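S.K.: Structure incoming, see below.
2 protein chains.
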Amino acid sequence: MLNPIRRGINRRSLMAALVVIAGLAAMPFPASAQQDPLPSWNDGAAKQAIIRLVTATTTKDSTDFVEPADRIAVFDQDGTIWAEHPLYSQALFALDRIATMAPQHPEWKDTEPFQSVLANDSAAISKFSEKDWLEIVTVTHSGMSTAEFETLVKDWLPRSSNPILKRPVTDLVYVPMLEVMSYLRANDFRTYIVTGGGQEFVRPYANAVYGIPREQIVGSSTVTNYEYKDGKPVLMREPKMFFVDDGVGKAVGINMFIGKRPLIAFGNSDGDRQMLEWTTAGDGARLGLLVLHDDAVREFAYGPANGLPDTKVGAFSQSLMDEAASRKWTVISMKNDWARIFAEPK
Amino acid sequence: MLNPIRRGINRRSLMAALVVIAGLAAMPFPASAQQDPLPSWNDGAAKQAIIRLVTATTTKDSTDFVEPADRIAVFDQDGTIWAEHPLYSQALFALDRIATMAPQHPEWKDTEPFQSVLANDSAAISKFSEKDWLEIVTVTHSGMSTAEFETLVKDWLPRSSNPILKRPVTDLVYVPMLEVMSYLRANDFRTYIVTGGGQEFVRPYANAVYGIPREQIVGSSTVTNYEYKDGKPVLMREPKMFFVDDGVGKAVGINMFIGKRPLIAFGNSDGDRQMLEWTTAGDGARLGLLVLHDDAVREFAYGPANGLPDTKVGAFSQSLMDEAASRKWTVISMKNDWARIFAEPK
């Protein structure tokens, strides 16, 4: 990862007598001295497509050259830059909150879906309907201020654990995608997360985990109410969705939060379809990529595209695979394209 | 205004063999050589308060020091960084659209509020209710794609004219506020517009006029629908508000779009109350400022605070003035604090 290098240089300019502190903008060094910017990627069509897009849009005399201010890259989160199976991390957080809140809700012992959560009945949990999840998320994600919610997320993260991979959720980040983010930022791209998950859930850790600042997290959100507490304003999270950043919502969200069409978009499931359509419908060089989870040994294998096992969590349908082919989107095979997936445990 | 100075410097770092292109981040030069960063401001409490806030938050050993990534400044637009009387610029745009659209709407000749608009009856227009304006904005701002709307705005701007000041609306920007923006950016602040006006109305000109990029425009928005046109996706503007970025909406919008609490906020009317409350409720040094239009000679005079004439357009109520006093917000007198207001016509 590149770290900003700050170096003071004095110069006389029209504005004279200003001290200019040089910020960082790294460019790929000359080919002769070039190191591999994506060492965890095997050579193949996906790696080549990424490098080709970056080269085309950042080479000054290229017909596809794009000014740095307009170099936007968007990443779905769940299943694209970190693991999403057997359950989305935010769902794990919600289940943990149910356990924590249970003493104040004795009625949950006999009420579904809470009863199954408290019994830790993973078979029942895996069959929860959307309505069940909405009920769980609603009670666990509202009724507190935005600041209080952030504290809950931060407290949970270090003790979080993926039920199958048995590591904290923030450990289960895909190293190849971190390399892509660094490579893009080194080429003056701004990297955004565009997630169906909660914007306020992702913000507390995105900078530490991905190097992506809070203002570059586009996500779903609840209605918030402006209230006063001890004379100071707070934003209270209400049990009502405000914006659902999934499917068409991802195109809407990109337009609303960024207002510039991305040059490159990474997704992995049907909820990313419109994000990739919106991105690649722009003029000039654009690239859409989809991560296919086809590595049952190192991570998980699910589709149902290409005959992989069907899933409700991050489904990659055959129709999305067909659209990828017709629109020339690149499919990333975790099994074949990635030399490694996760960082070693510290 | 500061112009970005780009200067290549070679250096060997841990990432070795990278060519680092130095971006720009200017800092105030040592006091001995210091030029006035705010030359269009008369010396006074307002100018001093701005310089004090910037110094406190950017001086490395200050107890109020803030990392560059968290230096956020927010500006209301209408009446704060450009003129809003006798009507908001976006309202002028809407009225112009009514005239353009009239041939397709023969019924408007006999229907209010359109009849008065087409008759150019400024007395009647000045008495339009909120419902009248909503009707006008709805028919003029929806039914087209986001791209088509942007073209309409861009086409209108050069032929726009403030009815009293007789200059294009983009000429009626306050030079002292442009200086503040440059001064803040030179100190690594990111400057955002947080406007009750339309986000998509402001984006087409904000970079050219204020040096503020599209992704740093927080504003009101309509619902957009994702549709296909010739196989490509478009976002169609629907006749329904999605987000109203005014009053409490400004605090909500700052949290949603930026996710960081500003260090400094500039407003001028009752719609900016919660933005200033939210900003100044944060820890450490914070500053809220309100522009008071008390210069009938060079611009306009309206309140009703301080006994200035009452107005429906950008009202600055006495209760806001009282809150400013109790919360120690700074009131900027256009008459006394600004040595000049507008740039000379080109």
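Protein sequence lines correspond, in order, to chains A and B.
For what it's worth, UniProt numbering labels the leading residue of the first sequence as 1, then goes sequentially.
For what it's worth, UniProt numbering labels the leading residue of the second sequence as 1, then goes sequentially.
Yeah, the Cβ is synthetic: ideal placement off N, Cα and C, and Gly gets one too.
Please read all numbers here as calculations on a predicted model, not as lab measurements.
In the stretch 222 to 256 of chain B, which residues sit with their C-beta less than 7 Å from some C-beta in chain A, listed in chain order?
M.R.: The stretch 222 to 256 of chain B vs chain A, Cβ under 7 Å: Thr224, Tyr226, Lys232, Pro233, Leu235, Val248, Ala251, Val252, Asn255 and Met256.
S.K.: May I ask you to list the residues that DSSP assigns as paired with alanine 69 of chain B?
M.R.: Taking the second sequence and counting its residues from 1, one reaches residue 69 of chain B at position 69. Answer is none; alanine 69 of chain B lacks a bridge partner.
S.K.: Counting only Cβ-Cβ distances shorter than 8 Å, please list the residues of the stretch 255 to 283 of chain B near chain A, keeping chain order.
M.R.: Listed in sequence order: Asn255, Met256, Phe257, Ile258, Gly259, Lys260, Gln274, Glu277, Trp278 and Ala281.
S.K.: Taking 8 Å as the cut-off, decide whether the C-beta atoms of residue 377 of chain A and glutamate 200 of chain A are in contact.
M.R.: The first residue shown for chain A is 1 and the last is 346, placing residue 377 of chain A beyond what the model contains.
S.K.: Below 8 Å between beta carbons: does that hold for threonine 57 of chain A and alanine 208 of chain A?
M.R.: Start at 1 with the first residue of the first sequence, and residue 57 of chain A comes out as number 57. Start at 1 with the first residue of the first sequence, and residue 208 of chain A comes out as number 208. No, the pair does not count as a contact, with Cβ atoms beyond the cut-off.
S.K.: Hey, how far is the Cα of proline 345 of chain A from the Cα of serine 40 of chain B?
M.R.: As a first step, residue 345 of chain A must be located in the first sequence, where it is residue number 345. As a first step, residue 40 of chain B must be located in the second sequence, where it is residue number 40. Each residue's alpha carbon lies about 57 Å from the other.
S.K.: Would you call the CB atoms of isoleucine 50 of chain B and lysine 260 of chain B closer than 8 Å?
M.R.: The residue labelled residue 50 of chain B in the question sits at position 50 within the second sequence. The residue labelled residue 260 of chain B in the question sits at position 260 within the second sequence. Contact flag unset, no.
S.K.: Quick one: which chain A residues come within Cβ less than 9 Å of isoleucine 217 of chain B?
M.R.: Along the second sequence, one-based indexing puts residue 217 of chain B at 217. Going along chain A in sequence order, the residues near isoleucine 217 of chain B (Cβ under 9 Å) are Gly259.
S.K.: Count the other CB atoms, across all protein chains shown, that sit within 10 Å of the CB of threonine 80 of chain A; report buried if there are 16 or more and exposed otherwise.
M.R.: Taking the first sequence and counting its residues from 1, the one referred to as residue 80 of chain A is at position 80. With 16 or more other Cβ atoms within 10 Å, it is buried.
S.K.: Does alanine 69 of chain A get closer than 8 Å to chain B when you measure Cβ to Cβ?
M.R.: Position 69 of the first sequence, counted from the start, is the residue given in the question as residue 69 of chain A. With 8 Å as the cut-off, alanine 69 of chain A counts as an interface residue toward chain B.
S.K.: Output the boundary residues of the beta strand (DSSP E) element that contains glycine 219 of chain A.
M.R.: Start at 1 with the first residue of the first sequence, and residue 219 of chain A comes out as number 219. 217 to 229 is the span of the beta strand (DSSP E), which, as asked, contains glycine 219 of chain A.
S.K.: Whole angstroms is fine: what's the gap from serine 129 of chain A's alpha carbon to threonine 111 of chain A's?
M.R.: Residue 129 of chain A sits at position 129 when you count from the first residue of the first sequence. Residue 111 of chain A sits at position 111 when you count from the first residue of the first sequence. C-alpha separation (whole angstroms): 15 Å.
S.K.: Quick one: what does DSSP say tyrosine 183 of chain A is sitting in, helix, strand or coil?
M.R.: Taking the first sequence and counting its residues from 1, the one referred to as residue 183 of chain A is at position 183. Of the three classes helix, strand and coil, the one that applies to tyrosine 183 of chain A here is helix, per DSSP.
S.K.: Quick check: is the beta carbon of threonine 146 of chain B nearer than 8 Å to any beta carbon in chain A?
M.R.: Mapped onto the second sequence, residue 146 of chain B falls at position 146. Cβ-Cβ to chain A under 8 Å: yes for threonine 146 of chain B.
S.K.: Taking lysine 250 of chain B as the reference, which of B:Leu292, B:Tyr192, B:Ala315 and B:Ala186 has the closest Cα?
M.R.: Within the second sequence, numbered from 1, the residue matching residue 250 of chain B stands at position 250. Selected option, being the one with the closest Cα: B:Tyr192.
S.K.: Just mark isoleucine 217 of chain B as buried or exposed, buried being the case when its beta carbon has 16 or more other beta carbons within 10 Å.
M.R.: Counting from 1 along the second sequence, the entry for residue 217 of chain B is found at position 217. The residue in question, isoleucine 217 of chain B, is buried, as its Cβ has 16 or more Cβ neighbours within 10 Å.
S.K.: Looking at the C-beta of arginine 286 of chain A, does it have a partner C-beta in chain B at a distance below 8 Å?
M.R.: Taking the first sequence and counting its residues from 1, one reaches residue 286 of chain A at position 286. So no, arginine 286 of chain A is outside the interface.
S.K.: Is alanine 94 of chain B buried or exposed, if buried means 16 or more other CB atoms sit within 10 Å of its CB?
M.R.: Sequence index remark: in the second sequence, residue 94 of chain B carries index 94 (1-based). Alanine 94 of chain B should be labelled buried.
S.K.: Chain B partners of arginine 203 of chain A, CB-CB under 9 Å?
M.R.: Working through the first sequence from its first residue, we reach residue 203 of chain A at position 203. Under the 9 Å cutoff, chain B gives Gly259.
S.K.: Give me the Cβ distance between alanine 281 of chain A and proline 233 of chain B, rounded to the nearest whole Å; I'm assuming they're in contact under 8 Å.
M.R.: Position 281 of the first sequence, counted from the start, is the residue given in the question as residue 281 of chain A. Position 233 of the second sequence, counted from the start, is the residue given in the question as residue 233 of chain B. Alanine 281 of chain A to proline 233 of chain B, Cβ: 6 Å. Contact.
S.K.: Below 8 Å on the Cβ atoms is my guess for alanine 305 of chain A versus leucine 320 of chain A; work out the distance and round it to an integer in Å.
M.R.: Here residue 305 of chain A corresponds to residue number 305 of the first sequence, with the count starting at 1. Here residue 320 of chain A corresponds to residue number 320 of the first sequence, with the count starting at 1. At roughly 7 Å, the Cβ-Cβ gap stays under 8 Å, so alanine 305 of chain A and leucine 320 of chain A are in contact.
S.K.: So serine 326 of chain A and leucine 292 of chain A are in contact, right, with Cβ under 8 Å, and what is the actual spacing, rounded?
M.R.: Here the question's residue 326 of chain A lines up with position 326 in the first sequence. Here the question's residue 292 of chain A lines up with position 292 in the first sequence. So it is not a contact: roughly 17 Å between Cβ atoms.
S.K.: Using only CA atoms, which one of A:Gly198, A:Asp310, A:Pro309 and A:Met236 lies nearest to aspartate 76 of chain A?
M.R.: Numbered from its first residue, the first sequence carries residue 76 of chain A at position 76. Aspartate 76 of chain A has its Cα closest to that of A:Gly198, out of A:Gly198, A:Asp310, A:Pro309 and A:Met236.
S.K.: Using the beta-carbon of each residue, which ones in chain A are nearer than 7 Å to arginine 214 of chain B?
M.R.: For the purposes of this step, residue 214 of chain B is taken as the residue at position 214 of the second sequence. Ordered by position in chain A, the residues that pass the 7 Å Cβ test against arginine 214 of chain B are Gly259 and Lys260.
S.K.: Take lysine 154 of chain A and list the residues in its own chain whose beta-carbon comes closer than 8 Å to its own, dropping the five residues that flank it on each side.
M.R.: What you label residue 154 of chain A is simply residue 154 of the first sequence in a count that begins at 1. Answer for lysine 154 of chain A: Pro204 and Tyr205, listed in chain order.
S.K.: Report yes if the C-beta distance between asparagine 225 of chain B and glutamate 238 of chain B is below 8 Å; otherwise report no.
M.R.: Here the question's residue 225 of chain B lines up with position 225 in the second sequence. Here the question's residue 238 of chain B lines up with position 238 in the second sequence. Taking 8 Å as the Cβ cut-off, asparagine 225 of chain B and glutamate 238 of chain B qualify as a contacting pair.
S.K.: If I follow the unbroken beta strand (DSSP E) through lysine 240 of chain B, where does it start and stop?
M.R.: For the purposes of this step, residue 240 of chain B is identified with residue 240 of the second sequence, where counting begins at 1. Per DSSP, lysine 240 of chain B belongs to the beta strand (DSSP E) from 232 to 243.
S.K.: Please give the ranges of any alpha helix (DSSP H) in the stretch 256 to 326 of chain B, keeping only runs that are unbroken, at least 4 residues long and fully inside the region.
M.R.: Runs of the alpha helix (DSSP H) inside the stretch 256 to 326 of chain B: 273 to 280 and 318 to 326.
S.K.: Can you find the residues in the same chain that come closer than 7 Å, C-beta to C-beta, to asparagine 120 of chain B, ignoring five residues on each side of it along the sequence?
M.R.: Numbered from its first residue, the second sequence carries residue 120 of chain B at position 120. Here the set comprises nothing.
S.K.: Can you tell me which of the three DSSP states aspartate 43 of chain A falls into?
M.R.: Start at 1 with the first residue of the first sequence, and residue 43 of chain A comes out as number 43. Note: aspartate 43 of chain A maps to coil in three-state DSSP.
S.K.: Taking the alpha carbon of lysine 312 of chain B as the reference point, which residue from B:Asp70, B:Pro86 and B:Asn255 has its own alpha carbon closest?
M.R.: Within the second sequence, residue 312 of chain B is the residue found at index 312, counting from 1. Looking at the Cα atoms, B:Pro86 is the closest of the given residues.
S.K.: Can you tell me which of A:Lys47, A:Thr63, A:Lys127 and A:Arg298 puts its alpha carbon nearest to the alpha carbon of leucine 172 of chain A?
M.R.: Counting from 1 along the first sequence, the entry for residue 172 of chain A is found at position 172. Of A:Lys47, A:Thr63, A:Lys127 and A:Arg298, the residue nearest in Cα terms is A:Arg298.
S.K.: Would you report the Cα separation of threonine 146 of chain B and threonine 170 of chain B, rounded to the nearest angstrom?
M.R.: Translated into positions along the second sequence, residue 146 of chain B becomes position 146. Translated into positions along the second sequence, residue 170 of chain B becomes position 170. One C-alpha to the other measures close to 21 Å.
S.K.: Taking only three categories from DSSP, how would you classify lysine 78 of chain B?
M.R.: Taking the second sequence and counting its residues from 1, one reaches residue 78 of chain B at position 78. Reading the sequence as shown, one finds aspartate at residue 78 of chain B and not lysine. Reduced to three states, the DSSP call for aspartate 78 of chain B is strand.
S.K.: Should aspartate 283 of chain A and phenylalanine 316 of chain A be called a contact, given that it needs their Cβ atoms to be closer than 8 Å?
M.R.: Here residue 283 of chain A is taken as the residue at index 283 of the first sequence, counted from 1. Here residue 316 of chain A is taken as the residue at index 316 of the first sequence, counted from 1. No.
S.K.: For the alpha helix (DSSP H) containing serine 116 of chain A, list its first residue and its last residue.
M.R.: Indexing the first sequence from 1 puts residue 116 of chain A at position 116. Per DSSP, serine 116 of chain A belongs to the alpha helix (DSSP H) from 114 to 118.
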